[in-house]
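Novice:
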Amino acid sequence: MNKPTLQAFAGGLIFATLVLGGVYIISEEKPLEEPIIDAETVDTFLEANNYVKVSESEYVKLKEASNELLSLKEQLQSGQNEAKPQSEEVVDDNTTSNNTPKPKQDEASPEPITYVLTINQGMTSTAVANTLQKNGIIKNAKDFDTFLVNNGYNRLIQVNTYTVTSNMTYDQLAGIITGN
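Okay, so the sequence shown: first residue is 5 according to the working numbering, each after it adds one.
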């Protein structure tokens, strides 16, 4: 390489740098435009996706009505399951080594309650235990939930519909709702 060729190459680099620098300085940086959300846009979206617009007061009324219907449904279910008297749980020799209560085998014991338990997606072990207690299958939801957690069953609960009875032990109930 000779001197004039090297000078021409350097001059070309300087010229290209000046042109690119000038374009960079002159050009305006445009910020990203945020989409404008107005009532018309929301209405169009709702119609396109088959949604319904509800005011907050209507939503509160609908939520209250839904809760009222659920409580009426629970009352009806518990009314159908009123065939058993409620008795206090007595801790005695009727437990196994892993603290699972055994049903008492008395001649005068009431007929066991049968309940169809539906476990939905996202239902926790606490919710399952509360449902079983409300329907007379178990006496203490907290004890059953603690049993599920201590034995690792709370992570194995399967979404499904199960038929359970009030004379089942905690082990039997856990086996059913976990699919084991």
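Glycine included, C-beta positions come from ideal geometry on N, C-alpha and C.
Any idea what DSSP makes of Thr165, helix, strand or coil?
Specialist: Strand.
Novice: Is the beta carbon of Asn144 closer than 7 Å to that of Leu152?
Specialist: Contact flag unset, no.
Novice: With a 10 Å radius around its C-beta and 16 neighbouring C-beta atoms as the bar for buried, classify Asp149 as buried or exposed.
Specialist: Buried, by the Cβ-count rule.
Novice: Measure the C-alpha to C-alpha separation of Glu51 and Ile40 and round it to an integer number of angstroms.
Specialist: In a straight line, the C-alpha of Glu51 is about 18 Å away from that of Ile40.
Novice: Going along the chain, which residues of its own chain have a beta-carbon closer than 6 Å to the beta-carbon of Ile142, five neighbours each way excluded?
Specialist: Closer than 6 Å at the Cβ level, and outside the excluded window around Ile142, lie Leu136, Phe148.
Novice: Going straight from the alpha carbon of Ile180 to that of Tyr166, what length do you get?
Specialist: Ile180 and Tyr166: Cα-Cα distance of roughly 7 Å.
Novice: Roughly how many whole angstroms lie between the Cα atoms of Tyr63 and Glu72?
Specialist: Distance between the alpha carbons of Tyr63 and Glu72 is about 14 Å.
Novice: Please report how far the alpha carbon of Thr169 lies from the alpha carbon of Asp175, in whole angstroms.
Specialist: When rounded, the distance between both Cα atoms is 13 Å.
Novice: Quick one: Cα of Thr9 to Cα of Val23, how far?
Specialist: The alpha-carbon atoms of Thr9 and Val23 are separated by roughly 21 Å.
Novice: Are Ile117 and Val163 closer than 7 Å when you measure CB to CB?
Specialist: Cβ distance not < 7 Å, so Ile117 and Val163 don't count as in contact.
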